[in-house]
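Okay, structure first, notes after.
Number of protein chains: 2
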Amino acid sequence: MSAPRPGGRSARVVASVHRAVVDLISRGDLDITISHVAHEAGVNPTSIYRRWGTRDQLVLDATAAHLRRNSPTPDTGSLRGDLVDWVVEIEHNLVTPEGRALLRTLATAEDHPGHARDVLHHFGDVTTVLDRAQQRGEVPPTPEQVLDRVLAPLTLRTLLGLAVPDGYGRHLVEELLASVPQQC
Amino acid sequence: MSAPRPGGRSARVVASVHRAVVDLISRGDLDITISHVAHEAGVNPTSIYRRWGTRDQLVLDATAAHLRRNSPTPDTGSLRGDLVDWVVEIEHNLVTPEGRALLRTLATAEDHPGHARDVLHHFGDVTTVLDRAQQRGEVPPTPEQVLDRVLAPLTLRTLLGLAVPDGYGRHLVEELLASVPQQC
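Note that the protein sequences, when read in sequence, are chains A and B. Sequential numbering from 1 applies to the first sequence in full-length UniProt numbering. Sequential numbering from 1 applies to the second sequence in full-length UniProt numbering.
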């Protein structure tokens with residue numbers, strides 16, 4: 001899905017559909033359907049099918065967007081700065097009751113994205129962060145490494161209700177970058 | 001929960017309760033209750049409450065035991081050998097439809113274990129593997145590291161339906177051990 005122009009009609013539809021998914025899930029409706037969401041958002045179910053295809057892809061997109069609060073893709077000028085900005089926002093939103101409910105709903109999905117790059121694209125497009133670092137001559141981690149080393153510990157801990165210490169996301173990014181050898 | 005004596009009455013109850021949980025979840029019952037499980041296993045609900053306390057603790061215990069197929073705690077004589085044995089079994093069982101269903105059910109739990117050590121205790125008691133390595137003078141990773149670096153990537157990939165390449169669990173163990181400095 002390409003990003004809709006901010007402020008346009010299409011952006012308003014995306015925002016209201018995302019909001020409807022988050023609201024429904026927060027109220028405990030883990031078995032949401034596209035027709036529930038369409039009703040809640042006041043849009044035509046056809047518009048949802050056309051843009052997201054399936055309920056599970058919609059849940060992934062709305063969940064990931066919520067965890068990033070639709071923040072713009074970080075662009076601090078360095079890979080470390082971008083990844084830290086990115087993870088701090090996700091970490092902050094994961095531990096809310098809403099974040100937990102979203103993750104739990106995600107875990108019940110059957111229709112999956114298939115590739116790490118596709119998953120990360122939903123999460124505030126961190127793939128752009130990695131591509132940009134490469135263009136600057138930095139050696140970025142792979143999308144698989146970002147998924148395994150940063151997103152996976154945060155999400156498993158959240159799902160299992162384990163402690164996520166303050167600054168843990170930043171620590172995971174630092175550990176990952178330390179293990180990716182940089183060119184001199 | 002201490003391990004019941006193999007072959008005893010208590011061991012038979014544990015096995016049949018675990019089996020009932022796995023069967024119910026495999027048949028699509030993600031909202032299992034203790035009374036469902038008791039009925040399916042042919043045991044008194046009171047015995048389940050007494051041993052496991054809550055539905056969520058029972059699901060965690062049955063899930064983790066299934067992912068290890070109740071194998072004994074590995075004891076190969078080396079930390080590397082033990083952790084590889086341990087993860088290969090889990091990896092193998094996670095990717096089955098049963099394994100996925102179990103993980104999904106786990107993700108809907110509300111009553112959580114609280115500490116990484118408590119989680120790992122259920123997973124074939126890998127904490128014993130770590131303690132034994134320390135007694136031999138090896139420098140084991142912490143339970144938190146095993147959770148974040150080995151279990152988390154495997155479970156997140158399984159939950160999201162992403163590829164888990166052959167030998168991936170072993171690779172994760174090798175990477176983790178390479179990052180834990182050993183004494184000389």
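Cβ coordinates follow ideal geometry from the N, Cα and C atoms, glycine included. Treat the numbers as computed from the prediction; the structure is a model and nothing was measured.
Residue i and residue j closer than 9 angstroms at C-beta
{"i": "proline 147(B)", "j": "leucine 102(B)", "result": "Inspection of the sequence shows that residue 147(B) is occupied by leucine rather than by proline. No, they are not a contact pair."}
{"i": "glutamate 138(A)", "j": "serine 78(A)", "result": "yes"}
{"i": "aspartate 75(B)", "j": "arginine 132(B)", "result": "yes"}
{"i": "leucine 154(B)", "j": "proline 140(B)", "result": "no"}
{"i": "leucine 30(B)", "j": "threonine 96(B)", "result": "no"}
{"i": "alanine 163(A)", "j": "histidine 115(B)", "result": "yes"}
{"i": "arginine 117(A)", "j": "threonine 127(A)", "result": "yes"}
{"i": "residue 190(B)", "j": "glycine 169(B)", "result": "Any property of residue 190(B) remains undetermined from this structure, which presents chain B solely from 1 to 184."}
{"i": "serine 10(A)", "j": "alanine 41(A)", "result": "no"}
{"i": "arginine 50(B)", "j": "glutamate 174(B)", "result": "no"}
{"i": "leucine 94(A)", "j": "valine 119(A)", "result": "no"}
Chain B within 9 angstroms of residue i, Cβ atoms only
{"i": "threonine 155(A)", "result": "yes"}
{"i": "arginine 27(A)", "result": "no"}
{"i": "leucine 58(A)", "result": "no"}
{"i": "residue 189(A)", "result": "The question about residue 189(A) has no answer, for chain A in this structure spans 1 to 184."}
{"i": "leucine 106(A)", "result": "yes"}
{"i": "arginine 149(A)", "result": "yes"}
{"i": "glycine 167(A)", "result": "no"}
{"i": "alanine 65(A)", "result": "no"}
{"i": "histidine 39(A)", "result": "no"}
{"i": "alanine 116(A)", "result": "yes"}
Proximity test, Cβ basis, 9 angstroms: residue i and chain C
{"i": "arginine 132(B)", "result": "Structure shown: chain C not included; protein chains present are A and B."}
Buried versus exposed, by CB contacts within 10 Å (16 or more), residue i
{"i": "arginine 69(B)", "result": "exposed"}
{"i": "glycine 167(B)", "result": "exposed"}
{"i": "arginine 12(A)", "result": "exposed"}
{"i": "alanine 62(A)", "result": "buried"}
{"i": "arginine 149(B)", "result": "buried"}
{"i": "alanine 65(B)", "result": "buried"}
{"i": "alanine 178(B)", "result": "exposed"}
{"i": "arginine 55(A)", "result": "buried"}
{"i": "histidine 18(A)", "result": "buried"}
{"i": "glycine 99(B)", "result": "buried"}
Proximity test, residue i beta-carbon vs the ligand ATP heavy atom, cut-off 8 angstroms
{"i": "alanine 11(B)", "result": "Looking for the ligand ATP in the displayed structure turns up nothing, as the structure carries no ligands at all."}
Residue i versus the options, residue with shortest Cα-Cα distance
{"i": "histidine 112(A)", "options": "Ala41(B), Leu156(B) and Ala178(B)", "result": "Leu156(B)"}
{"i": "glycine 28(A)", "options": "Thr142(A), Arg104(A) and Leu176(A)", "result": "Arg104(A)"}
{"i": "glutamine 57(A)", "options": "Leu172(A), Leu106(A) and His92(A)", "result": "Leu106(A)"}
{"i": "aspartate 125(B)", "options": "Leu159(B), Gly8(B), Thr73(B) and Thr158(B)", "result": "Thr73(B)"}
Through-space distance from residue j to residue i, alpha-carbon basis
{"i": "serine 35(B)", "j": "proline 45(B)", "result": "6 angstroms"}
{"i": "proline 181(A)", "j": "glutamate 144(B)", "result": "24 angstroms"}
{"i": "histidine 122(A)", "j": "aspartate 23(A)", "result": "19 angstroms"}
{"i": "cysteine 184(A)", "j": "glycine 161(A)", "result": "In this prediction, cysteine 184(A) has a pLDDT of 46, which is less than 50 and means its spatial position is unreliable; what the coordinates show is noted afterwards. Answer to the nearest angstrom: the Cα atoms are 41 angstroms apart."}
{"i": "alanine 20(A)", "j": "aspartate 82(B)", "result": "47 angstroms"}
{"i": "isoleucine 32(A)", "j": "serine 26(B)", "result": "21 angstroms"}
{"i": "serine 2(B)", "j": "glycine 53(B)", "result": "Note that serine 2(B) scores 49 on pLDDT, short of 50, meaning its location in the model is unreliable and no value can be drawn from it."}
{"i": "threonine 142(A)", "j": "isoleucine 90(B)", "result": "25 angstroms"}
{"i": "leucine 172(B)", "j": "proline 165(B)", "result": "11 angstroms"}
{"i": "threonine 158(B)", "j": "glutamine 134(B)", "result": "31 angstroms"}
{"i": "leucine 60(B)", "j": "glutamate 110(B)", "result": "11 angstroms"}
{"i": "leucine 71(B)", "j": "valine 14(B)", "result": "It should be noted that the sequence gives serine, not leucine, for residue 71(B). Each residue's alpha carbon lies about 14 angstroms from the other."}
{"i": "leucine 176(B)", "j": "histidine 92(A)", "result": "26 angstroms"}
C-beta neighbour in chain A for residue i, strict 9 angstroms
{"i": "valine 119(B)", "result": "yes"}
{"i": "alanine 20(B)", "result": "no"}
{"i": "valine 83(B)", "result": "This sequence places leucine at residue 83(B); valine is not what is there. For leucine 83(B), the answer is no, since every Cβ of chain A falls outside 9 angstroms of its Cβ."}
{"i": "alanine 163(B)", "result": "yes"}
{"i": "glutamate 175(B)", "result": "yes"}
{"i": "alanine 62(B)", "result": "no"}
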